[in-house]
Structures are given as structure tokens and as C-alpha cells.
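So the sequence shown is numbered by our numbering: it starts at 148 and just counts up by one. Okay, so here's the structure we're looking at.
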Amino acid sequence: MEARSFRGRVSPLSLLTERGFLVEILDHFRGQIEQELREVLGMADTHGGIDVMLGYHMGFCNPEGTAAELPKGKYLRPALSLAMCSALGGVAAHALGAAASIELAHRASLIFDDIQDQGKERNKRPTVWTVWGPEQAINAGLALSCFAR
């Protein structure tokens, strides 16, 4: 990716107006964002407890803690922040930590939203509170908030 542009487009406005371009951005940054999230959360290996809850919520493992490729969401907020960094002349790789923080804060809010709204499914699988109960889901949401720093 070149500084100040993505595929030759300079205008940050195009991020919001061209649907295909937005999908391209999401696809381009998804792997980098996921790798950063795994590193921040220490998800190379899950051992149990809160690690499993966080890994499950992020789509990295199943409820038993076994590594799995589960639906994860779009990573819209971090992908747009990395695209804007690039569009404004920065190096997206230098902003990965900030992008991961944005996603973690958002994902923490989703845990609390699911508890409050009694949402039973997110990303086509049971929510954290329906698997481990609302008390443990609150702990998981608070932990994600801490990781978001």
C-alpha cells in the first residue's frame, strides 16, 4: 500500500462513497488486524478461564478453548482507521496497536450490549453470556476493556 493512497485513490472521502472500495479495505487489513489482536490478547495458546472467553468472543477458539476459525465480524473500525492513516500519508503498520485498541473497546461494548439486551447470538454463534453466564461475561468485557488500554 502506498502512502497517501489506496489503489491510486487519494481522497479519504472515497472510503465512504465507494462500496467496493470499502470491501477492498476490509479485506486488505483483516489479516493484519487479526494478528495484532491475537498478539495483544496473548492468544497463541489458550489455557482456560478468561482466555477462552476472550478467544471465543473474538472468534479465535471454540468454547472449549480449542483453536478454531469462527465468524469474527468485519473489523470495520480498525480497518477504516488504518486506511485513513495510509490516506493521510502514514504507515498503516505503525498504527496497528491503535487499530487493535479500537476493535477491543468495540468488542467489549458488544459483550455488555448482549448482556443488557439479552442477545443470544452474535456472529452466528452463541454470545459469551449465554455460554458462561452474565457474571463471567461482565468479567470478559472488563478484561477486553483493559486490553484496549
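Heads up, the beta-carbon is just placed ideally off N, CA and C, and yes, glycines get one too.
Across which residues does DSSP place residue i in a beta bridge pair?
i      : result
Arg177 : BP columns for Arg177 are empty, so no partner.
Ala214 : Cys208
Pro273 : Glu268
Of the residues the options, which one's Cα is nearest the Cα of residue i?
i      : options                        : result
Arg185 : Glu216, Phe168, Leu169, Leu173 : Glu216
Leu223 : Gln179, Asp198, Gly288         : Gln179
Leu229 : Ala287, Ala295, Ile172, Gly167 : Ile172
Gly212 : Gly202, Pro218, Ala255         : Gly202
Glu282 : Gly189, Ala240, Ile197, Glu181 : Ile197
Pro225 : Ala239, Leu235, Pro218         : Ala239
Ile307 : Cys293, Leu289, Phe207, Leu243 : In the structure as shown, the chain begins at 148 and stops at 296. Residue 307 is therefore absent and cannot be evaluated.
Pro273 : Pro218, Phe168, Ala234         : Pro218
Ala242 : Leu169, Phe176, Gly220, Phe168 : Phe176
Leu188 : Phe207, Lys267, Gly167         : Phe207
In this structure, does DSSP put residue i in helix, strand or coil?
i      : result
Arg185 : helix
Arg254 : helix
Arg224 : helix
Gly236 : coil
Ile288 : Residue identity check: residue 288 is Gly in the sequence provided, not Ile. Of the three classes helix, strand and coil, the one that applies to Gly288 here is helix, per DSSP.
Gly280 : coil
Gly167 : helix
Gly196 : coil
Phe294 : helix
With 16 as the cutoff for other CB atoms within 10 Å, does residue i come out buried or exposed?
i      : result
Val275 : buried
His204 : buried
Val199 : buried
Leu291 : buried
Ala247 : buried
Glu183 : buried
Ala150 : Confidence in Ala150 is poor, its pLDDT being 40 and thus under 50, which makes the residue's placement too unreliable to answer from.
Any heavy atom of the ligand PLP closer than 6 Å to the CB of residue i?
i      : result
Gln263 : In terms of ligand content, the structure shown is empty, and the ligand PLP therefore cannot be addressed.
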